[in-house]
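These protein sequence lines are chains A and B, in that order. For the first sequence, the residue numbers in our numbering are 74 to 211. For the second sequence, the residue numbers in our numbering are 603 to 909. Glycine included, every Cβ here is placed at the ideal spot set by N, Cα and C.
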Amino acid sequence: MVSYEEGLKTVKKGFLILCVVTTVEVLFALLGNGHIIPGLMFPKVVMAPVMIAFSLYKAYYIVYNFMHMAHEVKGLAMSVLMPMLLLVWGVIAFMQEGKFWGSRRTQIEQFNAKSVKPTPSKATGMIDDIKQLPTKNG
Amino acid sequence: MAHATVDHDVHHDHEEKSAYWEGGREAFKASYGKLMMWYFLLSDAFTFAGFLIAYGTLRFSMPTWPVPDFVFQAFPTFGIIPESMAHHMPLVFVSLMTLILIISSVTMVRAVQEGHQNNKRGVVFWMLLTVLGGAAFLGCQAWEWTTLIKGENVSVTRNPFGRHEVNGTYTVDAHGEPYAAGAKAETFKSGQGYLLHGKMDHVTHAPVLDENGDPTFIQRTYVTDKGAKGQLSFGPKAFGALFFFITGFHGFHVFSGVAFLLIIMLNVASGLYERRNNHYEMVEKIGLYWHFVDLVWVFVFLVFYLL
Chain A
74 MVSYEEGLKT
84 VKKGFLILCV
94 VTTVEVLFAL
104 LGNGHIIPGL
114 MFPKVVMAPV
124 MIAFSLYKAY
134 YIVYNFMHMA
144 HEVKGLAMSV
154 LMPMLLLVWG
164 VIAFMQEGKF
174 WGSRRTQIEQ
184 FNAKSVKPTP
194 SKATGMIDDI
204 KQLPTKNG
Chain B
603 MAHATVDHDV
613 HHDHEEKSAY
623 WEGGREAFKA
633 SYGKLMMWYF
643 LLSDAFTFAG
653 FLIAYGTLRF
663 SMPTWPVPDF
673 VFQAFPTFGI
683 IPESMAHHMP
693 LVFVSLMTLI
703 LIISSVTMVR
713 AVQEGHQNNK
723 RGVVFWMLLT
733 VLGGAAFLGC
743 QAWEWTTLIK
753 GENVSVTRNP
763 FGRHEVNGTY
773 TVDAHGEPYA
783 AGAKAETFKS
793 GQGYLLHGKM
803 DHVTHAPVLD
813 ENGDPTFIQR
823 TYVTDKGAKG
833 QLSFGPKAFG
843 ALFFFITGFH
853 GFHVFSGVAF
863 LLIIMLNVAS
873 GLYERRNNHY
883 EMVEKIGLYW
893 HFVDLVWVFV
903 FLVFYLL
């Protein structure tokens with residue numbers, strides 16, 4: 074159990090850390106999207122991992138210091154945190170799937186853009202519509 | 603330790619531990635309530651993860667997606683800030699919302715600490731601040747939603763926000779009419795965000811509605827730098843539904859949190875937990891939930907506003 078004074082210190086430190094990390098995140102997002110220095114842009118492959126890393130750090134900080142996971146026994150921590158590993162698979166698998174849907178979507182659009190002339194159906198001996206009758210050369 | 607005599611009284615002494623499978627032994631040295639709160643939060647984390655993964659999957663499947671720092675750049679004027687400035691503050695308002703949530707998380711930690719000290723007044727004071735923080739967050743979210751729904755006509759089935767895929771020049775002005783004499787044609791760059799503004803009546807300044815009562819939009823025409831003609835179109839439809847469902851689900855968590863915080867705060871004030879003499883464990887449990895709400899916001903903030 075942490076002492077009361079130590080606890081107060083953790084609160085102040087935690088508040089500062091969360092505020093600073095969030096500020097850095099937002100400034101980095103604005104910088105990378107060209108809002109701070111006109112013309113300067115960072116590619117998505119640089120931006121995304123940095124943002125994700127900052128957020129994961131914030132999540133770790135909240136769980137371990139504000140929710141006191143650091144003071145729980147190891148079994149509890151593991152029984153809560155280990156199932157989260159499934160999400161790593163989930164994120165990777167579904168992002169792949171999403172990309173696949175995207176490529177399918179463009180393929181379908183390409184197919185739809187092609188104008189296909191309807192092929193005349195084989196004669197059945199029935200005249201459904203007089204306009205379907207060949208008028209010339211037929 | 604005697605196996606034969608097991609005290610079935612619910613208020614059993616913590617010192618007198620009975621054998622496994624006979625009750626009275628705490629798993630993981632945590633009380634039943636706290637442990638179950640952890641597992642509830644685990645299951646809730648999976649629910650949110652499911653939503654956020656669905657968001658990611660749909661976003662990856664779209665050739666284009668609205669630009670967050672273009673969509674979320676409004677700030678309330680409070681009647682003081684000039685209107686023009688209040689429209690170009692990318693991510694400032696959502697950062698304010700994040701700050702509010704961080705502060706309320708910190709006040710919650712303080713309430714739990716005062717509970718460990720058995721300081722009833724302290725617990726009530728810090729819980730009250732936490733409730734105010736939660737309410738302030740909900741107020742901000744209400745403003746954000748109102749801006750999107752009323753001002754920018756976003757709904758679960760309609761998304762007027764898009765992203766330019768090419769460089770080009772608009773051939774008409776922002777009202778969809780020919781440029782005034784001497785006016786310079788507006789240009790845009792690939793990657794920039796755009797919004798299809800709702801048509802407004804020139805005289806009454808009321809939105810122009812179609813026969814179904816839906817807003818009508820100005821779809822500006824343009825010429826790309828390569829000379830191709832085009833017209834602004836609606837952005838990916840899924841954006842609105844995902845935004846409202848996910849931030850709404852989070853907002854609902856905040857709302858329930860505020861309700862439970864209020865109830866527990868009143869119970870603290872009435873002396874209920876003081877009589878239980880367990881260092882205000884109930885405050886600790888609602889604290890876990892409240893930090894979780896902050897934790898989820900970290901990821902909602904990441905995927906909707908930062909990435």
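Any C-beta of chain B under 8 Å from that of tryptophan 174(A): Within the first sequence, the letter at position 101 stands for residue 174(A). So, interface residue.
Rounded separation between serine 76(A) and phenylalanine 139(A) - CA only: Taking the first sequence and counting its residues from 1, one reaches residue 76(A) at position 3. Taking the first sequence and counting its residues from 1, one reaches residue 139(A) at position 66. Cα to Cα, the separation comes out at about 15 Å.
C-alpha distance - glycine 795(B) paired with tyrosine 772(B), whole-angstrom precision: The residue given as residue 795(B) occupies position 193 in the second sequence. The residue given as residue 772(B) occupies position 170 in the second sequence. Looking at the two C-alpha atoms, the distance is approximately 14 Å.
Cα-Cα separation between phenylalanine 846(B) and phenylalanine 672(B), rounded to whole angstroms: Residue 846(B) sits at position 244 when you count from the first residue of the second sequence. Residue 672(B) sits at position 70 when you count from the first residue of the second sequence. About 17 Å.
Glutamate 98(A): contacting residues in chain B (beta-carbon distance under 7 Å): On the first sequence, residue 98(A) is found 25 positions in, with the first residue counted as 1. Those are Leu908, listed as they occur along chain B.
Partner residues on chain B for valine 146(A), Cβ-Cβ distance less than 9 Å: As a working mapping, residue 146(A) is identified with position 73 in the first sequence. Simply Phe630, Lys631 and Ala632.
8 Å Cβ cutoff met for threonine 700(B) and phenylalanine 903(B): Taking the second sequence and counting its residues from 1, one reaches residue 700(B) at position 98. Taking the second sequence and counting its residues from 1, one reaches residue 903(B) at position 301. Contact: yes.
Residue from Gly652(B), Val669(B) and Leu643(B) with nearest C-alpha to tyrosine 907(B): Taking the first residue of the second sequence as position 1, residue 907(B) is located at position 305. Checking every option, the nearest Cα to that of tyrosine 907(B) belongs to Val669(B).
Endpoints, the alpha helix (DSSP H) within which glycine 741(B) is located: Stepping through the second sequence from its first residue, residue 741(B) is reached at position 139. Glycine 741(B) -> alpha helix (DSSP H) spans 722-748.
Whether methionine 687(B) touches leucine 863(B) by CB criterion (8 Å): In the second sequence, residue 687(B) corresponds to position 85, counting from 1. In the second sequence, residue 863(B) corresponds to position 261, counting from 1. Going by C-beta atoms, methionine 687(B) is not nearer than 8 Å to leucine 863(B).
The region 853-867 of chain B in contact with the region 775-794 of chain B per 3-pair CB rule at 8 Å: no
Strand pairing of tyrosine 796(B), partner residues [DSSP]: For the purposes of this step, residue 796(B) is identified with residue 194 of the second sequence, where counting begins at 1. DSSP output for tyrosine 796(B) lists Gly764(B) as bridge partner(s).
Residue-chain proximity (histidine 893(B), chain A), Cβ-Cβ < 8 Å: One-based indexing of the second sequence puts residue 893(B) at position 291. Cβ-Cβ to chain A under 8 Å: yes for histidine 893(B).
C-alpha distance - asparagine 565(B) paired with valine 714(B), whole-angstrom precision: Lying outside 603 to 909, the shown extent of chain B, residue 565(B) is not represented and no answer is given.
Inter-stretch contact at 8 Å, needing at least 3 Cβ pairs: the region 830-849 of chain B / the region 653-662 of chain B: yes
Reduced DSSP secondary structure (H/G/I, E/B, other) of leucine 834(B): Translated into positions along the second sequence, residue 834(B) becomes position 232. Coil, per DSSP.
C-alpha gap between leucine 750(B) and valine 756(B), whole angstroms: Working through the second sequence from its first residue, we reach residue 750(B) at position 148. Working through the second sequence from its first residue, we reach residue 756(B) at position 154. Their backbone Cα atoms lie some 6 Å apart in a straight line.
Partners in chain A for methionine 664(B), counting only beta-carbon separations shorter than 7 Å: As a working note, residue 664(B) is residue 62 in the second sequence. In chain order: Gly175.
Residue-chain proximity (aspartate 646(B), chain A), Cβ-Cβ < 8 Å: Reading the second sequence from its first residue, position 44 is the one you call residue 646(B). No, aspartate 646(B) lies away from the interface with chain A (no Cβ there is under 8 Å from its Cβ).
Sheet register partners of phenylalanine 790(B) (DSSP bridge): Counting from 1 along the second sequence, the entry for residue 790(B) is found at position 188. Beta-bridge pairing links phenylalanine 790(B) to Gly770(B).
Inter-residue spacing [alpha-carbon to alpha-carbon] between phenylalanine 173(A) and alanine 629(B): Looking up residue 173(A) in the first sequence gives position 100. Looking up residue 629(B) in the second sequence gives position 27. If I take the Cα positions, the gap works out to 45 Å.
Per-residue DSSP class, three states only, for valine 84(A): Position 11 of the first sequence holds residue 84(A). Note: valine 84(A) maps to helix in three-state DSSP.
Neighbour flag for phenylalanine 88(A) against chain B, beta carbons, 8 Å: Position 15 of the first sequence holds residue 88(A). True, the Cβ-Cβ gap to chain B drops below 8 Å.
Contacts that glutamine 719(B) makes with chain A (C-beta to C-beta distance below 7 Å): Residue mapping note: residue 719(B) aligns to position 117 of the second sequence, counting from 1. In chain order: Tyr77.
8 Å Cβ cutoff met for arginine 822(B) and glycine 778(B): Within the second sequence, the letter at position 220 stands for residue 822(B). Within the second sequence, the letter at position 176 stands for residue 778(B). Taking 8 Å as the Cβ cut-off, arginine 822(B) and glycine 778(B) qualify as a contacting pair.
N-terminal and C-terminal residue of the alpha helix (DSSP H) that threonine 806(B) is part of: By 1-based counting over the second sequence, the position of residue 806(B) is 204. No alpha helix (DSSP H) holds threonine 806(B); DSSP gives it neither H nor E.
C-beta atoms of tyrosine 910(B) and glycine 635(B) nearer than 8 Å: The requested residue 910(B) does not occur in the structure, where chain B is confined to residues 603 to 909.
Between the CA atoms of glutamate 886(B) and glycine 873(B) - distance to the nearest angstrom: In the second sequence, counting from the first residue as 1, residue 873(B) sits at position 271. In the second sequence, counting from the first residue as 1, residue 886(B) sits at position 284. Cα-Cα distance, rounded: 16 Å.
CB contact below 8 Å: alanine 606(B) versus chain A: Position 4 of the second sequence, counting from 1, holds the residue named residue 606(B). Because alanine 606(B) sits at a pLDDT of 46, beneath the cut-off of 50, its placement in the model cannot be relied upon, and the following sentence gives the value as read from the coordinates. Output row for alanine 606(B): interface = no.
Proximal chain B residues relative to leucine 91(A), where beta-carbon distance stays under 7 Å: Numbered from its first residue, the first sequence carries residue 91(A) at position 18. Residues of chain B passing the Cβ test: Ile704.
Alpha-carbon spacing of alanine 641(B) relative to lysine 117(A), whole angstroms: Within the second sequence, the letter at position 39 stands for residue 641(B). Within the first sequence, the letter at position 44 stands for residue 117(A). The amino acid at residue 641(B) is misidentified as alanine; the sequence shows tyrosine. In a straight line, the C-alpha of tyrosine 641(B) is about 35 Å away from that of lysine 117(A).
Beta-bridge pairing of proline 825(B) - partner residues as DSSP gives them: Indexing the second sequence from 1 puts residue 825(B) at position 223. Correcting the residue type first, residue 825(B) is valine in the shown sequence and not proline. Thr771(B) and Lys831(B), per the DSSP bridge assignment.
Contact under 8 Å by Cβ, serine 706(B) with glycine 741(B): On the second sequence, residue 706(B) is found 104 positions in, with the first residue counted as 1. On the second sequence, residue 741(B) is found 139 positions in, with the first residue counted as 1. No, they are not a contact pair.
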